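Just so you know, we're using the numbering used here here: the sequence shown kicks off at -6 and counts up by one. Built from N, CA and C at the ideal position, the CB exists for glycine as well. Since this is a predicted model, take the numbers as computed values, not measurements.
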Amino acid sequence: MKKSKKTIWFASEEFGIKKISSISDLETEIMKIMWKTGTATVREVHEHILKKEMEKKESGFIPYTTVMATMASLAEKGILKQDRSNKTFIYSAAVDSNSLSKNIISSVAEKLMDSSSKELVYKFLSAVEEIPVEKINKMLNDLTGKSNK
-6 MKKSKKTIWF
4 ASEEFGIKKI
14 SSISDLETEI
24 MKIMWKTGTA
34 TVREVHEHIL
44 KKEMEKKESG
54 FIPYTTVMAT
64 MASLAEKGIL
74 KQDRSNKTFI
84 YSAAVDSNSL
94 SKNIISSVAE
104 KLMDSSSKEL
114 VYKFLSAVEE
124 IPVEKINKML
134 NDLTGKSNK
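Here it is, written out as structure tokens:
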């Protein structure tokens, strides 16, 4: 089965608004690692991926060169920063996970703009796993700047 890819618009402070043709499962996994570690080399990211595969007992193997090419592509897209000052490139995230998530959701909403806002929110919420009301209220309060004090 072919894995799905999503088209998103991505805003990067350094590169402005840039269209991303797709974001794959591997790109997503690499970004999760980068957000967790802050900075990393290709080798370090590859080791994280291999460790995760072993923990999940997955049979797939992702070659080092695939991770290297994917990280270079993410840097070219403006999602990763690439420090080339040393022989070994050091990568870091160009944006945080909230910005990426917001842009993915904005892209989906833009595609569905024929729907009313109310209908769009309903579709989104019905597609999300059951979320406790307390968590939804906290998110709404965070968005509006209100606190539960």
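Status (buried if at least 16 other CB within 10 Å, exposed otherwise) for residue i
i: L93; result: buried
i: G71; result: buried
i: I129; result: exposed
i: V121; result: exposed
i: L67; result: buried
i: S(-3); result: Confidence at S(-3) is low in this model, with a pLDDT of 45, below 50, so the placement of that residue should be treated as unreliable; the coordinate-derived value is given next. That one is exposed.
From the options, residue whose alpha carbon lies closest to that of residue i
i: I83; options: T58, R36, L118; result: R36
i: K74; options: L136, L19, W28; result: W28
i: R77; options: K44, T34, E46; result: T34
i: V60; options: L136, Y115, F117, D18; result: D18
i: I16; options: M64, K45, K131; result: M64
Alpha-carbon spacing of residue i relative to residue j, whole angstroms
i: N79; j: S90; result: 27 Å
i: K95; j: K50; result: 32 Å
i: I124; j: L113; result: 17 Å
i: T32; j: T81; result: 12 Å
i: T21; j: E127; result: 28 Å
i: F117; j: K131; result: 18 Å
i: Y115; j: N134; result: 19 Å
i: E48; j: I55; result: 15 Å
i: K44; j: G138; result: 40 Å
i: V88; j: K111; result: 30 Å
Supposed contact pair residue j and residue i - C-beta distance, whole angstroms, cut 8 Å
i: M24; j: A86; result: 7 Å
i: Y57; j: H39; result: 5 Å
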